[in-house]
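Protein sequence lines, in the order shown, are assigned to chains A and B. All residue numbers in the first sequence are consecutive under this note's numbering, ending with 848. All residue numbers in the second sequence are consecutive under this note's numbering, ending with 49. We treat Cβ as the ideally placed atom computed from N, Cα and C, and that holds for glycine. Note that the structure is predicted; figures quoted are calculated from it, not measured.
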Amino acid sequence: MTTDVRPFVGGASEAACPTEAVLCAHCGLVVPAGLIESEQEHQFCCHGCRTVYHVLHQNGLTAYYDYRRADGTSVGPALASGRSYAHFDEAKFHELYVRHEPDGTLNVRFLLEGVHCAACVWLVEKLPRLVPGVLESRLDLGKNLVALRWDPEQVALSAIAEAIDRLGYPPHPPQADQRAELDKKEDRKLLIRIAVAGACAGNVMLMAAALYGGLFQGMAAEYEALFRWGSFLLTLPAVLWAAALFYKGAFYALRARAPHMDLPITIGILTGFGWGAYNTLRGTGEIYFDSVTALIFLLLVGRWVQRRHQRRASRAAELLYAMAPASARLIEGATSEDGSLLAFGAASQHYRVREVPLEALELGALVEVRAGDRVPVDGLVVDGASEVDRAWLTGESRPELVEAGAVVHAGTVNVSSRLIVRAERTGHATRMGQLMERVEEAQSRRAPIVLLADRWSGFFVIAVLVLASLTLLSWWSHGPTQAIEHAVALLIVTCPCALGMATPLAVGAALGRAAQSGLLIKGGDVLERLQKPGRVVFDKTGTLTLGKLVLEDVRGDERYLPWVLAMERQSAHVIARALVSGLEERLSPEQLAEAKRLDGVRARERLGAGLFAEIDGHDVRIGNVQGARCLAEWASQGAEELARHGRTPVLVTVDGEVELLLGLGDPLRPDARETLQRLTDLGYDLAVLSGDHPATVEALVRQTGAPFVLALGGVTPEQKLEYVEQWVKERPVVMVGDGVNDAAALSAASVGVAVHGGAEASLQAADVFATRPGLTPVWRLIDGSRKSLGVVRRNLVFSLVYNLVGATLALAGVLNPLIAALLMPLSSLTVVTSSFRSRSFKT
Amino acid sequence: MSVLYLLIPLAILFGALFVVAFIWATRKGQFDDLETPPVRILFDDDK
Chain A
6 MTTDVRPFVG GASEAACPTE AVLCAHCGLV VPAGLIESEQ EHQFCCHGCR
56 TVYHVLHQNG LTAYYDYRRA DGTSVGPALA SGRSYAHFDE AKFHELYVRH
106 EPDGTLNVRF LLEGVHCAAC VWLVEKLPRL VPGVLESRLD LGKNLVALRW
156 DPEQVALSAI AEAIDRLGYP PHPPQADQRA ELDKKEDRKL LIRIAVAGAC
206 AGNVMLMAAA LYGGLFQGMA AEYEALFRWG SFLLTLPAVL WAAALFYKGA
256 FYALRARAPH MDLPITIGIL TGFGWGAYNT LRGTGEIYFD SVTALIFLLL
306 VGRWVQRRHQ RRASRAAELL YAMAPASARL IEGATSEDGS LLAFGAASQH
356 YRVREVPLEA LELGALVEVR AGDRVPVDGL VVDGASEVDR AWLTGESRPE
406 LVEAGAVVHA GTVNVSSRLI VRAERTGHAT RMGQLMERVE EAQSRRAPIV
456 LLADRWSGFF VIAVLVLASL TLLSWWSHGP TQAIEHAVAL LIVTCPCALG
506 MATPLAVGAA LGRAAQSGLL IKGGDVLERL QKPGRVVFDK TGTLTLGKLV
556 LEDVRGDERY LPWVLAMERQ SAHVIARALV SGLEERLSPE QLAEAKRLDG
606 VRARERLGAG LFAEIDGHDV RIGNVQGARC LAEWASQGAE ELARHGRTPV
656 LVTVDGEVEL LLGLGDPLRP DARETLQRLT DLGYDLAVLS GDHPATVEAL
706 VRQTGAPFVL ALGGVTPEQK LEYVEQWVKE RPVVMVGDGV NDAAALSAAS
756 VGVAVHGGAE ASLQAADVFA TRPGLTPVWR LIDGSRKSLG VVRRNLVFSL
806 VYNLVGATLA LAGVLNPLIA ALLMPLSSLT VVTSSFRSRS FKT
Chain B
3 MSVLYLLIPL AILFGALFVV AFIWATRKGQ FDDLETPPVR ILFDDDK
């Protein structure tokens with residue numbers, strides 16, 4: 006991966022046909038041919054990159070590029086959105102997110118999109134230099150969180166937010182501040198527990214070394230007592246405070262009558278400590294304080310590692326969720342005195358548009374939805390005509406025409422032109438809000454699984470207790486003290502230190518590696534839920550397919566293609582954009598030149614009918630089949646065939662004759678076939694549940710060539726949920742989806758996987774989400790999970806073998822504390838090495 | 003060897019001071035972010 010920036014130098018060279026790919030001066034990606042400006046010194050792949058580049062150069066911040074090159078990570082184009090942040094100045098926003106300092110300055114925290122490396126940290130923290138009035142800016146890279154302190158006298162928060170946006174890091178107010186605060190407290194407490202346990206363990210170990218020395222060389226009774234009492238006192242904080250969370254876990258496990266790892270741990274710690282304390286008072290017999298404290302310390306470290314890795318996924322989900330628009334463009338003053346609507350012409354001065362938080366929208370409010378915006382409410386279109394992409398809500402791959410009087414739903418995307426919508430339902434009352442409630446219901450209904458290690462620990466407790474009583478019985482004839490001594494020795498040596506660390510470490514390491522390979526997994530149980538093959542259920546639009554229209558088929562007279570390109574370039578329609586990018590790739594340089602010649606042609610657009618133009622004296626129409634009269638035989642047959650394959654036919658007529666037939670479709674993802682094959686090989690069966698038309702679904706399934714056991718179209722989100730809940734009773738179900746309509750099913754499945762680019766709702770509902778496009782992550786997840794659980798099993802076997810050796814020695818009565826003290830760290834070491842050396846989720 | 007009665011408590015007191023310092027630092031939020039500081043150290047101040 007190269008981040009080498011090679012600015013394109015124009016001028017004397019052949020600017021129009023560069024022999025080498027032109028790279029963006031900011032991000033280093035290839036600049037699309039259409040965006041090259043030959044007279045400019047620097048070329049940019051997008052507007053965002055251009056903005057950032059200029060901001061950096063004007064402010065002498067070009068060192069950014071050095072840091073980024075040194076870091077070596079790949080970057081995408083800058084995300085500068087150019088949005089307005091005016092609503093950040095509203096009193097409501099300040100009340101929610103801004104904190105006041107005693108000296109009159111203000112504090113706020115934002116989640117930033119697009120921060121990923123050292124250079125980003127440097128740049129964001131240079132904000133005080135860019136925006137006078139910003140006093141401090143600290144970025145937390147792991148949480149994507151920036152903490153800002155500023156002087157409200159000098160600068161408004163909206164101006165700061167705009168400056169951050171221009172740097173390519175659109176800011177969003179954090180959503181779950183309270184939970185983050187709680188997490189932070191718990192993290193700190195766990196760290197302090199580790200510190201206390203570690204300090205106790207270290208010091209007890211030093212004293213133990215002296216005592217072991219005395220074991221071989223002899224030691225004055227006076228000093229032996231000193232060391233024994235010393236280690237007893239030092240063990241107290243570790244056992245009484247640091248280890249308390251294990252006792253709590255064991256208590257809950259007992260009360261719920263469910264096996265849990267904390268139970269054998271608690272038994273081990275408490276018997277070891279109890280017997281050690283008794284022997285200290287007695288002044289004779291073994292004390293096990295060194296083993297007990299080391300055990301507590303290592304187990305706490307294991308917990309901490311797993312916690313850290315799990316947190317990463319939930320944080321990433323939080324950022325994605327915060328990115329969902331939380332504001333709407335409210336129109337004020339658009340109704341006259343008597344309540345009737347005034348005109349909404351572009352030049353109309355009657356109304357103002359104000360960006361407001363979504364919560365501030367009331368029923369009946371008028372909102373403006375610009376092209377490309379997400380519709381914020383369920384409502385009626387009162388002005389404008391456009392197309393709405395409902396893929397996330399319904400799974401339909403084709404955008405639908407809406408005009409005044411039509412109903413639009415929150416969560417759909419307005420594609421082509423501005424709409425004015427009257428809010429009829431907001432927030433939780435919208436269709437999307439109701440679907441999200443289903444998600445929570447489904448999540449609460451999902452049966453928890455007993456983790457492998459916990460299941461083992463159940464047997465383990467019984468086995469250890471049986472062995473201990475056997476020891477007690479068989480040594481009883483030698484006197485009760487000796488019998489108890491041997492039984493306690495057995496309980497301590499079999500205390501499942503390695504067993505307790507085996508899972509957290511292996512799972513933590515696996516989650517870390519999964520994150521590096523593009524999979525964010527929210528919990529360790531996901532790995533275990535994927536052990537047995539079951540059914541993989543796919544959504545269609547945006548999951549199996551790319552989720553966008555692509556030119557797939559051209560029939561007829563290709564001489565007219567440049568005409569099509571020239572006309573379509575003037576439209577912002579979805580189909581037009583698909584045709585333009587498809588044709589730009591397909592046409593020869595001569596044809597492209599021909600299209601350029603026709604740049605002056607004016608095309609008229611009639612919504613729902615198509616594009617009309619006059620080219621070289623011919624009447625040209627590009628449009629759908631419904632709008633065409635008397636089709637030629639080949640064209641009507643072709644259109645029918647295209648429709649059968651799930652494609653949208655587009656007709657080009659010249660002077661009333663059909664000359665070209667273009668087929669647009671939502672193509673299969675390039676890695677879909679291979680992934681489906683691999684899943685079948687692993688023993689999974691495949692199913693599709695789609696909201697799209699059954700014919701389209703069927704055509705796509707045929708195209709994959711994979712043995713789907715079931716492929717249903719026209720399925721509502723509620724039905725998806727029902728199907729999944731029904732199947733999950735019999736076998737593990739992996740649901741793969743991207744939309745709001747999949748969210749409930751994702752949360753009901755054994756494991757829900759949200760693919761890259763999905764709706765925020767699906768990311769929230771899913772257990773796993775991919776940060777790389779395509780379906781390969783699904784296979785990688787299943788494969789990696791199996792390998793990781795293999796590591797867990799291997800660890801468990803290791804620790805059991807150690808325990809078996811220890812137990813045998815204890816039963817035979819030859820175990821002394823030194824052997825116990827050696828066996829325990831040795832087993833832990835094996836487990837740690839085995840966890841971090843494993844190759845699951847290899848990139 | 004009776005100096006041990008002085009030295010061991012002294013050593014433990016010393017160790018306890020470090021634990022207290024660590025607890026103080028944790029409460030101050032020094033260990034909340036473990037990813038950015040190792041990156042921040044790379045920057046020259048006057049660039």
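For the 8 angstroms CB-CB criterion, A/Gly719 and A/Gly744 do not form a contact. Residue contact check for B/Leu8 against chain A: no CB pair falls below 8 angstroms. Per DSSP, A/Ala748 is one residue of the alpha helix (DSSP H) stretching across 745–753.
Just so you know, the alpha carbons of A/Ser755 and A/Val542 end up roughly 11 angstroms apart. Residue pairing of A/Met506 in beta bridges, as defined by DSSP: absent, with no partner found. The closest CA to that of A/Asp671, considering only A/Arg403, A/Thr110, A/Ala759, A/Trp246, is found on A/Arg403.
Within chain A, Ala68, Tyr72, Ala123, Val126, Trp127, Glu130 have C-beta atoms less than 9 angstroms from the C-beta of B/Phe45, given in sequence order. Non-local C-beta neighbours of A/Trp732 in its own chain, meaning closer than 7 angstroms and more than five positions away in sequence, comprise Arg540, Val738, ordered along the chain. Here A/Met212 is buried. Its C-beta has 16 or more other C-beta atoms within 10 Å. For A/Lys189, a Cβ of chain B is located within less than 8 angstroms of the residue's own Cβ.
If you keep only unbroken beta strand (DSSP E) runs of at least 3 residues inside the region 519–598 of chain A, you get 524–526, 540–543, 555–561. For B/Leu19, there are no neighbours in chain A by C-beta distance under 8 angstroms, as the nearest C-beta there is about 11 angstroms away. The C-beta of A/Ala248 comes no closer than 8 angstroms to any C-beta of chain B.
By the rule that beta-carbons nearer than 8 angstroms mark a contact, B/Phe24 touches chain A. Among the residues facing chain A, B/Phe33 is included, as its CB has a counterpart in that chain under 8 angstroms away.
Ranked by how close their Cα comes to the Cα of A/Val455, the residues A/Arg143, A/Lys148, A/Ala261 have A/Ala261 in first place. Beta-bridge annotation (DSSP): A/Leu28 is paired with A/Val35. Rounded to whole angstroms, the separation of the alpha carbons of A/Gly288 and A/Gly219 is 15 angstroms. Between the alpha carbons of A/Glu589 and A/Asp94 lies a gap of roughly 44 angstroms. Setting aside the 5 residues that flank it on each side, A/Leu592 is surrounded in the same chain by Leu566, Pro567, Leu570, Ala600, each with a C-beta closer than 8 angstroms to its C-beta; the list follows chain order. Within chain A, the residues Gly147, Arg313 have their CB atoms less than 9 angstroms from the CB of B/Leu36, given in chain order. Distance between A/Gly338 and A/Arg574, taken at the CA atoms: about 36 angstroms. Residues Ala748, Ala766 of the same chain have their beta carbon placed closer than 7 angstroms to that of A/Met441, with the five preceding and five following residues left out of the count. In the structure shown, A/Ser793 falls within a helical segment according to DSSP collapsed to helix, strand and coil. Note on geometry: alpha-carbon atoms of A/Leu196 and A/Asp188 lie some 12 angstroms from one another.
A/Asn800 has no beta-bridge partner at all, per DSSP.
For A/Glu445, the enclosing alpha helix (DSSP H) begins and ends at 436–450. If you look at B/Pro40, you'll find it in the alpha helix (DSSP H) that goes 39–42. By DSSP's assignment, A/Trp155 forms a beta bridge with A/Leu111, A/Val139. Here A/Glu360 is bridged, per DSSP, to A/Arg334. Residue state for A/Ile824 is assigned as helix, using DSSP reduced to three classes. Pairing A/Val139 with A/Trp155 gives a Cβ-Cβ distance under 8 angstroms. Within the region 386–404 of chain A, no residue has its Cβ closer than 7 angstroms to any Cβ of chain B. With a cut-off of 8 angstroms on Cβ pairs, the region 484–503 of chain A is in contact with the region 291–309 of chain A, counting three or more such pairs.
A contact is defined here as three or more CB-CB pairs under 8 angstroms, and the region 802–820 of chain A fails this definition with respect to the region 769–783 of chain A. If you check the CB distance, A/Ser522 and A/Phe846 come in under 8 angstroms.
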